[in-house]
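The structure under discussion appears below in the form of structure tokens.
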Amino acid sequence: MREKAQNVRRLEAQRNDWNAKVRFIKEELMRLQEPGSYVGEVVKLMGKKKVLVKVHPEGKYVVDLSPNIDPTLVTPTTRVALKNDSYELHLILPNKIDPLVSLMKVEKVPDSTYEMIGGCDKQIKEIKEVVELPIKHPQLFEALGIQQPKGVLLYGPPGTGKTLLARAVAHHTDCTFIRVSGSELVQKYIGEGSRLVRELFVMARTHAPSIIFIDE
Numbered sequence: 001m002r003e004k005a006q007n008v009r010r011l012e013a014q015r016n017d018w019n020a021k022v023r024f025i026k027e028e029l030m031r032l033q034e035p036g037s038y039v040g041e042v043v044k045l046m047g048k049k050k051v052l053v054k055v056h057p058e059g060k061y062v063v064d065l066s067p068n069i070d071p072t073l074v075t076p077t078t079r080v081a082l083k084n085d086s087y088e089l090h091l092i093l094p095n096k097i098d099p100l101v102s103l104m105k106v107e108k109v110p111d112s113t114y115e116m117i118g119g120c121d122k123q124i125k126e127i128k129e130v131v132e133l134p135i136k137h138p139q140l141f142e143a144l145g146i147q148q149p150k151g152v153l154l155y156g157p158p159g160t161g162k163t164l165l166a167r168a169v170a171h172h173t174d175c176t177f178i179r180v181s182g183s184e185l186v187q188k189y190i191g192e193g194s195r196l197v198r199e200l201f202v203m204a205r206t207h208a209p210s211i212i213f214i215d216e
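The sequence shown runs 1 to 216 under full-length UniProt numbering.
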């Protein structure tokens, strides 16, 4: 009987644990099914129920503060989420974006070279002209009045050397190589993806000269 009672308690504990997980999944599913929100930045608190928020690129708006939000947490420069229908401030977002920081791979001058790439002689020549030459000899473009290219599109099946070619360019130009997954630049909140791109280029400038490789 004692063993049966222990088994019953163990099964009840497991049941409670699974019920808690089910509730969490249902809440998460409901949250994901909600319409996307606008991302803004607090300018200042205007009373206890109104907030002046800056939304890129629309401008500044005076919005309502949700009753669930503590006004003391709404300080200038705080990132917030606004409902897309009423613009009500309903969520405070973290100041730092963990996915961007964790998924970007930064290498200080990779060790890859053009000699490691086989069967891409034409592509190597073209990328030297478009990417390497403007970095090494920008004065040539200035003298001719030609605008330097901003980037190139590398396409092809997996395993054809796209990433290796980009790393080789960074090596031969003594540039920091920054690799980021393109899928992570697509976010639920409206305006968040563009903010990720801005932060990506801010980080690239801190590691300048640098080459950004957006994969996929």
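Even for Gly, the Cβ is constructed at its ideal location relative to N, Cα and C.
inquiry  = For tyrosine 38, tell me which candidate among Leu29, Arg198, Val53 has the shortest Cα-Cα distance.
reply    = For the purposes of this step, residue 38 is taken as the residue at position 38 of the sequence shown. Ranking the options by Cα distance to tyrosine 38, first place goes to Val53.
task = Count the other CB atoms, across all protein chains shown, that sit within 10 Å of the CB of histidine 137; report buried if there are 16 or more and exposed otherwise.
result = Mapped onto the sequence shown, residue 137 falls at position 137. By the 10 Å Cβ count, histidine 137 comes out exposed.
query = Which class does aspartate 174 belong to by DSSP, given the choice of helix, strand or coil?
reply = As a working mapping, residue 174 is identified with position 174 in the sequence shown. Aspartate 174: coil per DSSP, three-state reduction.
inquiry  = Just to confirm the assignment, what range does the alpha helix (DSSP H) spanning glutamate 126 have?
reply    = Here residue 126 refers to the residue found at position 126 when the sequence shown is read from its first residue. Taken as a continuous stretch (DSSP letters only), the alpha helix (DSSP H) holding glutamate 126 covers 121-127.
key: Same chain only: Cβ atoms within 8 Å of aspartate 174, ignoring 5 sequence neighbours per side   = Here residue 174 is taken as the residue at index 174 of the sequence shown, counted from 1. Once the five neighbours on either side are set aside, the close Cβ partners of aspartate 174 are Val109, Pro209.
request  = Look at the alpha carbon of proline 94 and the alpha carbon of arginine 179, and state the distance between them as a whole number of angstroms.
outcome  = Translated into the one-based positions of the sequence shown, residue 94 becomes position 94. Translated into the one-based positions of the sequence shown, residue 179 becomes position 179. Taking the Cα positions, proline 94 is about 23 Å away from arginine 179.
query = By DSSP, does tyrosine 114 sit in helix, in strand, or in coil?
reply = Mapped onto the sequence shown, residue 114 falls at position 114. Tyrosine 114: helix per DSSP, three-state reduction.
inquiry  = I'd like to confirm the pairing. Which residues does DSSP put opposite phenylalanine 213 in its beta bridges?
reply    = Position 213 of the sequence shown, counting from 1, holds the residue named residue 213. Note: phenylalanine 213 sits in a beta bridge opposite Arg179.
inquiry  = Restricting to Cα atoms, I'd like to know which of Ala81, Val202, Arg79, Ile92 is closest to aspartate 70.
reply    = Position 70 of the sequence shown holds residue 70. The shortest Cα separation from aspartate 70 among Ala81, Val202, Arg79, Ile92 belongs to Ile92.
task = Examine the Cβ distances between the stretch 111-125 and the stretch 55-75 and report whether three or more of them are shorter than 8 Å.
result = Short answer: they don't touch.
task = Locate the beta strand (DSSP E) running through alanine 81, then write down its first and last residues.
result = Translated into positions along the sequence shown, residue 81 becomes position 81. Per DSSP, alanine 81 belongs to the beta strand (DSSP E) from 79-83.
key: glutamine 148 versus valine 42: straight-line alpha-carbon distance, rounded   = By 1-based counting over the sequence shown, the position of residue 148 is 148. By 1-based counting over the sequence shown, the position of residue 42 is 42. Cα to Cα, glutamine 148 sits roughly 37 Å from valine 42.
ask   = Start and end of the alpha helix (DSSP H) containing glycine 193?
value = Walking along the sequence shown from the start, residue 193 turns up at place 193. Boundaries of the alpha helix (DSSP H) harbouring glycine 193: 192-206, taken from the DSSP string.
task = Indicate whether tyrosine 61 and glycine 40 have their beta-carbon atoms separated by less than 9 Å.
result = Here the question's residue 61 lines up with position 61 in the sequence shown. Here the question's residue 40 lines up with position 40 in the sequence shown. The answer is yes: Cβ separation under 9 Å.
key: Rounded straight-line distance, which links the Cα of tyrosine 155 to that of leucine 200   = Stepping through the sequence shown from its first residue, residue 200 is reached at position 200. Stepping through the sequence shown from its first residue, residue 155 is reached at position 155. Each residue's Cα considered, the two are about 22 Å apart.
ask   = From Ser66, Tyr87, Gly118, Val152, pick the residue whose C-alpha is nearest to that of glycine 59; which is it?
value = For this step, residue 59 is matched to residue 59 along the sequence shown. Closest by alpha carbon: Tyr87.
query = What's the gap between the Cα of glutamate 142 and the Cα of aspartate 121?
reply = Residue numbering aside, residue 142 sits at position 142 when the sequence shown is read from its first letter. Residue numbering aside, residue 121 sits at position 121 when the sequence shown is read from its first letter. In this model, glutamate 142 and aspartate 121 are separated by some 28 Å (Cα to Cα).
inquiry  = Let me make sure I understand the geometry here. Which of Met30, Met1, Ile135, Trp18 has the alpha-carbon closest to that of histidine 171?
reply    = Within the sequence shown, numbered from 1, the residue matching residue 171 stands at position 171. Looking at the Cα atoms, Ile135 is the closest of the given residues.
query = With which residues is methionine 46 paired in a DSSP beta bridge?
reply = In the sequence shown, counting from the first residue as 1, residue 46 sits at position 46. Looking at the DSSP output, methionine 46 sits in a beta bridge with Lys50.
ask   = Applying the criterion that 16 or more other CB atoms from any shown protein chain within 10 Å of the CB defines a buried residue, is leucine 65 buried or exposed?
value = Locating residue 65 in the sequence shown gives position 65, where the first residue counts as 1. So leucine 65 counts as buried.
request  = Measure how close the beta-carbons of serine 181 and aspartate 215 come, nearest whole angstrom, since I'm counting them as under 8 Å.
outcome  = Taking the sequence shown and counting its residues from 1, the one referred to as residue 181 is at position 181. Taking the sequence shown and counting its residues from 1, the one referred to as residue 215 is at position 215. At roughly 6 Å, the Cβ-Cβ gap stays under 8 Å, so serine 181 and aspartate 215 are in contact.
key: Rounded separation between alanine 168 and glycine 119 - CA only   = Indexing the sequence shown from 1 puts residue 168 at position 168. Indexing the sequence shown from 1 puts residue 119 at position 119. Taking the straight line joining both Cα atoms gives about 15 Å.
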